[in-house]
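Down below is the structure, laid out as structure tokens.
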Ligand code: AR6
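Numbering (full-length UniProt numbering), first residue to last: 1 to 178.
Next up, the structure:
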């Protein structure tokens with residue numbers, strides 16, 4: 001199937017301006033880094049609000065499966081601690097590069113997160129604007145990749161909620177979803 005056509009089981013896309021740690025969904029996606037051991041932005045907020053259980057599970061995943069860290073573009077789940085969600089799906093976005101096209105890796109974050117969501121049986125999944133903070137990806141381009149990839153996904157997830165922190169990011173995603 002071509003990527004610009006909606007998949008047979010494509011999820012409903014919704015948009016919220018707000019904080020991803022406040023979303024009552026089955027799974028929230030974390031814009032993590034390869035270490036899985038926390039950071040700033042979304043990652044910092046999820047670990048702060050979710051509490052120490054998430055970090056403990058991340059450490060266990062490092063020890064059992066990802067001794068060298070979670071590769072960019074992949075995704076892995078933990079429980080969600082005190083967040084009003086059941087799971088956190090940690091994915092590692094690419095750092096934006098002016099000299100190299102890393103769009104496939106950003107698309108992969110969305111595809112892999114939905115694949116993990118399907119493994120978990122999650123039906124509602126909240127995504128932040130992966131790579132658009134510390135990792136420097138221009139918001140309009142990130143919105144294009146995120147919306148196209150999720151629309152083309154073959155998944156049992158029923159709702160994908162994009163949660164955008166500020167007005168500009170919200171506007172970029174809203175424009176793409178029209
Ligand atoms: N809810 C929703 N969106 C948020 C929140 C929040 N609570 N906080 C920030 N954003 P970033 P990245 C927005 O930097 O670019 C971390 O240190 C933010 O405005 O969180 O993928 C990790 O450990 C931006 O639009 O993720 C990695 O080292 C978007 O979320 C690195 O940053 C993503 O910003 C990952 O960088």
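Don't be surprised by glycine CBs; every beta carbon is placed ideally from N, CA and C.
I'd like the list of long-range same chain contacts for residue i, defined as Cβ closer than 7 Å, with 5 residues on each side in sequence excluded.
i           : result
residue 82  : 49, 50, 51
residue 2   : Only weak support exists for where residue 2 lies, its pLDDT of 47 falling under 50; the value from the coordinates is given anyway. Excluding positions up to five away in sequence, the list is empty.
residue 177 : 13, 15, 147
residue 68  : none
residue 120 : 27, 77, 87
Relative to the C-alpha of residue i, which candidate in the options has its C-alpha closest?
i           : options            : result
residue 72  : 123, 86, 98, 135   : 135
residue 56  : 88, 27, 42         : 88
residue 99  : 91, 126, 137, 66   : 137
residue 33  : 22, 27, 21, 47     : 47
residue 113 : 16, 37, 29         : 29
residue 39  : 26, 19, 74, 92     : 92
residue 153 : 117, 172, 166, 163 : 117
residue 124 : 143, 53, 163, 95   : 163
residue 168 : 161, 103, 115, 140 : 140
residue 128 : 156, 101, 166      : 166
residue 170 : 19, 43, 62, 158    : 19
residue 108 : 132, 75, 42, 95    : 75
residue 132 : 97, 122, 160, 158  : 97
Starting from the C-beta of residue i, find all residues in its chain whose C-beta is less than 6 Å away, skip the five residues before and the five after it, and write them out in chain order.
i           : result
residue 84  : 24
residue 130 : 31, 93, 109
residue 102 : 94
Taking the beta strand (DSSP E) that residue i belongs to, which residues open and close that run?
i          : result
residue 78 : 75 to 79
residue 92 : 87 to 92
Quick check on the DSSP output: the alpha helix (DSSP H) that includes residue i runs from which residue to which?
i           : result
residue 140 : 139 to 152
residue 167 : 167 to 177
residue 22  : Counting along the chain, residue 22 falls outside any alpha helix (DSSP H), and DSSP gives it neither H nor E.
Looking only at its own chain, which residues have a Cβ that is under 8 Å from the Cβ of residue i, when we skip the five neighbours before and after it?
i          : result
residue 44 : 38
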